[in-house]
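Below: the structure, in structure tokens.
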Amino acid sequence: MVEHYPFELQPLPYLYDALEPNIDMETMYFHHAKHLRTYIDKLNETLAPYPQYHAWTLERLLLHLNELPGEIREDVRKNAGGVYNHKLYFESLTPVPRELDGALRDAIFLNFGNYNSFQKTFSEMALSLFGSGNLWLVSDNRGKLAILPLSNQDTPLAIELYPLLNLDLWEHAYYLKHQNRRADYIANWFPLVNWEEIGRRYQEALIANALQNMP
Ligand code: MN
């Protein structure tokens, strides 16, 4: 389904308590029904007086921020980014473990040596990301992987990298359960990653001009 204005809060692909005990129900509920909803409402408010952008998808808005009028560019960057990043974050998780395999497994082994050293590097970078933001696994248009910290609700799309996986490191993603213990959140998040879905995104990234062809 191609989404555009007015954006709507889509249900999660699993129940709020489905990721227990790794991520608790209360955190999932506030994160989805309150935090994500706020980004959606603010994005719709921002775009309401600009019908010329009502057919634009999130991806198009984020890939072409510089084409938007100056007076709404920052609000779209923050709020379309917030909607896009949360959508990706929630869709990256699953209560049913999915194995890493195929082309993405090969690329992770090529770039990081093996899965454990990838997880170690990713965890260390997540722990050291300063302030609020997301840690990303991204691909360039030739399939080369990188781990990339981005602040606030910035997205790899804005710098022409293809987003594969993001770990939300805003305190709202873990504070209710883990308070300041970000390391515990990271360790509990890893087993929930839906590698089947991330592998599917990697296949998309490998298609020539994947970013330009986004809906
Ligand atoms: Mn969040």
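The sequence shown runs 1261 to 1475 under the working numbering. We treat Cβ as the ideally placed atom computed from N, Cα and C, and that holds for glycine. This structure is a prediction, so every number in the text was calculated from the model and none was measured.
Is His1438 close to ligand 1? I mean its beta-carbon at under 6 Å from any heavy atom of the ligand.
no
- Count the other C-beta atoms from every protein chain shown that fall within 10 angstroms of the C-beta of Ser1220, then say buried if there are 16 or more, exposed otherwise. Within the shown structure, residues of the chain are numbered from 1261 to 1475, placing residue 1220 beyond reach of any answer.
For Gly1393, which beta-bridge partners are listed by DSSP?
Looking at the DSSP output, Gly1393 sits in a beta bridge with Ser1411.
Starting from the Cα of Pro1309, find the closest Cα among Glu1359, Ala1447, Glu1464 and Val1336 and give me that residue.
Val1336
ask   = Taking the Cβ atom as the reference point for each residue, do Arg1461 and Leu1424 lie within a distance shorter than 7 Å?
value = The answer is yes: Cβ separation under 7 Å.
Exercise for review: Assign Pro1416 to buried or exposed, taking buried as 16 or more other Cβ atoms, counted over all protein chains shown, within 10 Å of its Cβ.
Suggested key: buried
(request) Using the beta-carbon of each residue, find all residues closer than 6 Å to any heavy atom of ligand 1 and list them in chain order. (result) Proximity to ligand 1 was defined by a C-beta distance below 6 Å to any of its heavy atoms, and the residues meeting it, in sequence along the chain, are His1291, His1295, His1346, Asp1428, Trp1430, His1432 and Ala1433.
How many angstroms separate the CA atom of Asn1440 from the CA atom of Tyr1434?
-> 8 Å
| message | Give the list of continuous beta strand (DSSP E) stretches no shorter than 3 residues that lie fully inside the stretch 1346-1371. | response | none
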